[in-house]
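In what follows, a structure is listed as structure tokens, so that the remarks can point back to it.
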Amino acid sequence: MNLYTVNSGNFKLDGGAMFGVVPKSVWNKTNPADENNMCSWAMRCLLVETNNRLILIDNGLGDKQNEKFFSYYYLHGDESLEKSFAKHGFGFNDVTDVFLTHLHFDHCGGSIKWTDSSKTKLEPVFKNAKYWSSPKHWDWATKPNPRERASFLKENIMPIKESGQLNFIDKECEWLPGFEVLIVNGHTEGMMLPLITYKGSKVLFCADLVPSVGHIPIPYVMGYDVRPLETLKEKERILQNAVMHNWTLFFEHDLVNECCNLVNTERGIRVKDMVRINEL
Ligand SMILES: [Zn+2]
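Printed below as a string of structure tokens:
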């Protein structure tokens, strides 16, 4: 198995919303805010190459929405999904599986594109791929509650079903040899986290359970989470496992840090070493 980091670009989100009840005087040290109180975040995805599959985990926010939409999110940086794929010698048609941790727009928007410049029809970006979601999450996302409605954009979601390429993983399992799936419900209902056996250890794709290094302390939970107390319990359980088995955490949204290992300290769970996938 081979793992390749693919960065689909950076965007900005309100620092306070990203850190929930944590005061700015604390989070601003790890994630400095701009004059509008916005912090920069990566949309870092992962390609998993096995003997017969090429699996893309999440795919950033894509390019379908209008200027007004993108003006809220300040896209920046030189990276794109296309460039990152090319760097590793892959094309979009090589992807056999698109694994969607959840259907918030910054995780699944790259799944679907306009067929042409008239912008009337939508189609899958990954023509040869099966797209994977969890049934509970699909149901949740397609009947959105008012709090998450702005994160579930139907143009990102419905065409996946209409294409016939939608598939489901319905429970925690070893989905493929060496590719386990954990399911958590604090950030949103039925978010799936890949746990991948790689070079004698395991890599946890943290998605929005732990979006960045700044979110490692257990109470540092995003304001966006629908069930923050559930996230606390899920982080405690999963990060203690990560310490015990020396898992590597992979961060989707950390602008600078790709991965780390963890250690228990007197102050709680903290970073042991920063690492990168290509150094494992
Ligand atoms: Zn996110």
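Under the working numbering, think of the first position of the sequence shown as 27, with each following residue one higher.
Glycine is no exception: its CB is placed at the ideal position from the N, C-alpha and C atoms.
His271 has its Cβ no nearer than 8 Å to any heavy atom of ligand 1.
Taking non-hydrogen atoms of ligand 1 into account, the C-beta of Ala233 is found less than 8 Å away from one of them. Secondary structure at Phe95: helix, using DSSP grouped into helix, strand and coil. Secondary structure of Lys187 (DSSP, three-state): helix. Leu107 and Asp299 have their C-alpha atoms roughly 27 Å apart. If you draw a straight line from the Cα of Met27 to the Cα of Ser51, it comes to about 42 Å. Not one heavy atom of ligand 1 lies closer than 8 Å to the C-beta of Glu174. Phe276 is a Cβ neighbour of Leu72, given a cutoff of 9 Å. Sorting Asp120, Asn92, Glu188, Gly294 by C-alpha distance to the C-alpha of Asn78 places Asp120 at the top. At a cut-off of 8 Å, the beta-carbon of Glu61 does not count as near ligand 1: no heavy atom of the ligand is closer than that. Under the DSSP assignment, Asn54 falls in the alpha helix (DSSP H) whose first and last residues are 50–56. Judged by DSSP secondary structure, Phe111 falls outside any beta strand (DSSP E) and instead within the alpha helix (DSSP H) spanning 107–113.
When rounded, the separation of the alpha-carbon atoms in Phe45 and Met184 is 30 Å. By the neighbour-count criterion, in which 16 or more other beta carbons inside 10 Å mark a residue as buried, Met270 falls on the exposed side. Taking C-alpha positions only, Lys94 is separated from His241 by approximately 29 Å.
According to the DSSP assignment, Pro150 belongs to the beta strand (DSSP E) that extends over 148–150.
When only Cα atoms are considered, Pro170 and His130 end up about 11 Å apart. Positions of the beta strand (DSSP E) runs, each at least 3 residues long and wholly inside the segment 247–306, are given as 274–276, 285–291, 294–301 in order along the chain. When Cβ pairs closer than 8 Å are counted between the two stretches, the segment 209–221 is seen to touch the segment 160–170, the count reaching three or more.
Relative to ligand 1, Asp280 has its C-beta separated by 8 Å or more from all heavy atoms.
Here the alpha carbons of Asn272 and Arg263 stand approximately 14 Å from one another.
Counting along the chain, the unbroken alpha helix (DSSP H) around Pro161 starts and ends at 161–168. In the structure shown, Ala59 falls within a coil segment according to DSSP collapsed to helix, strand and coil. Taking the Cβ atoms as the reference, Ala59 lies roughly 26 Å from Gly88, outside the contact range of under 8 Å. By the 16-neighbour rule on beta-carbons within 10 angstroms, Thr146 is exposed.
For Arg79, the secondary structure class from DSSP, reduced to helix, strand or coil, is coil. Contact annotation, Cys134 with Asp84: C-beta distance approximately 7 Å; criterion of less than 8 Å satisfied.
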